[in-house]
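S.K.:
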Amino acid sequence: ALAALPAGRCMARSPLYRTTPVGGPPGQPDYVNAVAALDTWLEPDALLTALQEIENARGRVRNVRWGPRTLDLDLLLYGALIRDDPRLTLPHPRLHERAFVLYPLFDIAPTLILPGRSRLSEWLARYPPLDMTRLDTPDEPVTIASQSALQPPLGDFP
Numbered sequence: 639a640l641a642a643l644p645a646g647r648c649m650a651r652s653p654l655y656r657t658t659p660v661g662g663p664p665g666q667p668d669y670v671n672a673v674a675a676l677d678t679w680l681e682p683d684a685l686l687t688a689l690q691e692i693e694n695a696r697g698r699v700r701n702v703r704w705g706p707r708t709l710d711l712d713l714l715l716y717g718a719l720i721r722d723d724p725r726l727t728l729p730h731p732r733l734h735e736r737a738f739v740l741y742p743l744f745d746i747a748p749t750l751i752l753p754g755r756s757r758l759s760e761w762l763a764r765y766p767p768l769d770m771t772r773l774d775t776p777d778e779p780v781t782i783a784s785q786s787a788l789q790p791p792l793g794d795f796p
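Using my numbering, the first residue of the sequence shown is number 639, and each one after it goes up by one.
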């Protein structure tokens, strides 16, 4: 889906994770989650708009909060920018509370310090990967240690 982004390129991406839905109506199918690091010249608002346009082109309908969706592209971080306004909050306001985001993010940036917070690895210790399966290694448990052999890490984001 990110190949449709008009102004940038994917620098790194995590493997895919299958996770049970968090919140929302009961009975939803599992989600597939991943995290990508982008190099873009779009400003945050324009990037958010571009991501939403990709979602819409893929059939995304926003009628139930945390409900089923064809695609969900969240802007989690934009470098070290901290921003809080009605349209966009950066870092994403629940990023540090969601194992389904933290573990894939650790795959591509294990030394990351979350802007305004602390090291990513410290947050991982608070949220075990319950109900998560890494699709490239479905028979292995998801742990912090299992992430290190994945690919060369991206390192810290500027």
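Here a beta-carbon is modelled for each residue, glycine too, at the ideal position from N, C-alpha and C. Owing to the predicted nature of the structure, the values given are computational and were not obtained by experimental measurement.
1) Considering only residues of the same chain and omitting the five flanking positions on each side of Ala688, which have a CB-CB separation below 8 Å?
2) From what residue to what residue does the alpha helix (DSSP H) around Val739 run?
3) Threshold first: 4 residues or longer. Then list the alpha helix (DSSP H) segments lying entirely within the region 646-717, N to C.
4) Between which two residues does the alpha helix (DSSP H) harbouring Arg764 extend?
5) Under three-state DSSP, which class holds Leu640?
6) DSSP beta-bridge partners for Leu728?
7) Is it buried or exposed, Glu760, if we count other Cβ atoms within 10 angstroms and call 16 or more buried?
M.R.: Per the coordinate set shown:
1) Only Leu643, Pro644, Ala645 and Leu680 meet the Cβ criterion.
2) Segment Ala737 to Ile746, the alpha helix (DSSP H) holding Val739.
3) Runs of the alpha helix (DSSP H) inside the region 646-717: 682-695.
4) Membership of Arg764 in the alpha helix (DSSP H) is indicated by the continuous run Leu758 to Arg764.
5) Here Leu640 sits in helix by DSSP.
6) DSSP lists Arg721 as the bridge partner or partners of Leu728.
7) Glu760 comes out exposed.
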